[in-house]
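Chemist:
2 protein chains.
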Amino acid sequence: MFAALGDETRLRLVGRLSTEGPLSIARLSEDAPVTRQAITKHLEALEGAGLVRGTKHGRERIWDLEPRRLMAARHALEQISHQWDAAIGRLRAFVETE
Amino acid sequence: MFAALGDETRLRLVGRLSTEGPLSIARLSEDAPVTRQAITKHLEALEGAGLVRGTKHGRERIWDLEPRRLMAARHALEQISHQWDAAIGRLRAFVETE
DNA sequence: GAGATATGCAACTTTTTGGTTGCGTGTTTG
DNA sequence: CAAACACGCAACCAAAAAGTTGCATATCTC
């Protein structure tokens, strides 16, 4: 999942989908600095990570976020946050003893 | 940051540092499937993302998590979670109307 | 039905990335 | 002091990733 979101183009795509809702490839490609094909590939990468889903609708393919996986991802992020909290606590204690 | 954590080796490194505390390159390389040099590169990549910091201590270089950035990262993750929450709400509503 | 749209498929090029190897240097330690 | 240890630097390699181009196909729309 981190790898999927690690590319700036892909992160932007997820961002747009989360704020603007379902969008077609053409729409998502419009103001992108890369080709439509590149966008398609990125969307498929995101789909591979389960973060996004595309459904054919007439002649266009509409992409949207995948709620289930997104929830799971959220959960994972929270877990990591907790793990980090512990580490941050340790670091703070360490700094104070210096 | 996502890119930094997007590599499995790097994610493992962060995981070890968060649970085992400060470690030298040699330690971190011991049970890794790759060379010490590869580990060094990954640590420097993580350092570039600000997630980790290495300080020389005698003949060895000890690496540890960077609390400030880690907090910032936590914050960013929470922001994204919130953004996703809104999207998930929208998606749920959409499903219900079908 | 013809032209415009929206997309898919496939081959190919170019960067980037992850990884290695060889060697040199500063520190410990016996 | 000599050997062992921990590491840095630099060149190099291979595979994966990002991106493009050209063309084909399915759908709309007038």
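Heads up: the protein sequence lines correspond to chains A and B, in order.
Per the numbering used here, the first sequence starts with residue 1, numbered consecutively.
Per the numbering used here, the second sequence starts with residue 99, numbered consecutively.
A virtual CB, placed ideally from N, CA and C, is assigned to each residue, including glycine.
This structure is a prediction, so every number in the text was calculated from the model and none was measured.
Out of A:W63, A:S18, A:M1, A:G50, which one is the CA nearest neighbour of Q177 (chain B)?
Modeler: One-based indexing of the second sequence puts residue 177 (chain B) at position 79. The option with the nearest alpha carbon to Q177 (chain B) is A:S18.
Chemist: Residue range of the alpha helix (DSSP H) that G119 (chain B) falls in?
Modeler: Residue mapping note: residue 119 (chain B) aligns to position 21 of the second sequence, counting from 1. Segment: none, G119 (chain B) is in no alpha helix (DSSP H) and carries neither H nor E.
Chemist: With a threshold of 8 angstroms between beta carbons, is W182 (chain B) in contact with chain A?
Modeler: By one-based count along the second sequence, residue 182 (chain B) stands at place 84. Yes, W182 (chain B) lies at the interface with chain A (some Cβ there is under 8 angstroms from its Cβ).
Chemist: In whole angstroms, what separates the C-alpha of S179 (chain B) from that of G156 (chain B)?
Modeler: Working through the second sequence from its first residue, we reach residue 179 (chain B) at position 81. Working through the second sequence from its first residue, we reach residue 156 (chain B) at position 58. Spanning the two alpha carbons is a distance of roughly 42 angstroms.
Chemist: Which term fits R68 (chain A), buried or exposed, when burial requires 16 or more other beta carbons within 10 angstroms of its beta carbon?
Modeler: Along the first sequence, read from residue 1 onward, the residue named residue 68 (chain A) stands at position 68. Exposed, since its Cβ has fewer than 16 Cβ neighbours within 10 Å.
Chemist: Measuring alpha carbon to alpha carbon, tell me which residue in A:R53, A:A32, A:A45 is nearest M1 (chain A).
Modeler: What you label residue 1 (chain A) is simply residue 1 of the first sequence in a count that begins at 1. Minimum Cα distance to M1 (chain A) is reached at A:A45.
Chemist: What separation, rounded to the nearest whole angstrom, lies between the Cα atoms of Q83 (chain A) and K154 (chain B)?
Modeler: Within the first sequence, the letter at position 83 stands for residue 83 (chain A). Within the second sequence, the letter at position 56 stands for residue 154 (chain B). About 26 angstroms.
Chemist: Can you grab the Cα-Cα spacing for the pair R188 (chain B) / L65 (chain A), in whole Å?
Modeler: Within the second sequence, the letter at position 90 stands for residue 188 (chain B). Within the first sequence, the letter at position 65 stands for residue 65 (chain A). Their Cα atoms are separated by approximately 10 angstroms.
Chemist: DSSP on R157 (chain B), reduced to helix/strand/coil?
Modeler: Here residue 157 (chain B) refers to the residue found at position 59 of the second sequence. R157 (chain B): coil per DSSP, three-state reduction.
Chemist: Whole alpha helix (DSSP H) runs in the stretch 132-189 of chain B with 4 or more residues, listed along the chain?
Modeler: Fully enclosed alpha helix (DSSP H) runs of 4 or longer: 134-146.
Chemist: Quick check on E98 (chain A): does DSSP put it in helix, strand or coil?
Modeler: The residue you call residue 98 (chain A) lines up with position 98 of the first sequence. With a pLDDT of 42 at E98 (chain A), under the threshold of 50, the modelled position of that residue is not reliable, and no figure is offered here.
Chemist: If we cut at 8 angstroms on Cβ distances, does W67 (chain A) have a partner in chain B?
Modeler: Position 67 of the first sequence, counted from the first residue, corresponds to residue 67 (chain A). It is Pro, not Trp, that sits at residue 67 (chain A) in the sequence shown. Yes, contact with chain B.
Chemist: Short check: CB of L11 (chain A) to CB of W63 (chain A), under 8 angstroms?
Modeler: On the first sequence, residue 11 (chain A) is found 11 positions in, with the first residue counted as 1. On the first sequence, residue 63 (chain A) is found 63 positions in, with the first residue counted as 1. Going by C-beta atoms, L11 (chain A) is not nearer than 8 angstroms to W63 (chain A).
Chemist: For a test of the three-state rule: what should DSSP assign to A102 (chain B), helix, strand or coil?
Modeler: For the purposes of this step, residue 102 (chain B) is taken as the residue at position 4 of the second sequence. Helix, per DSSP.
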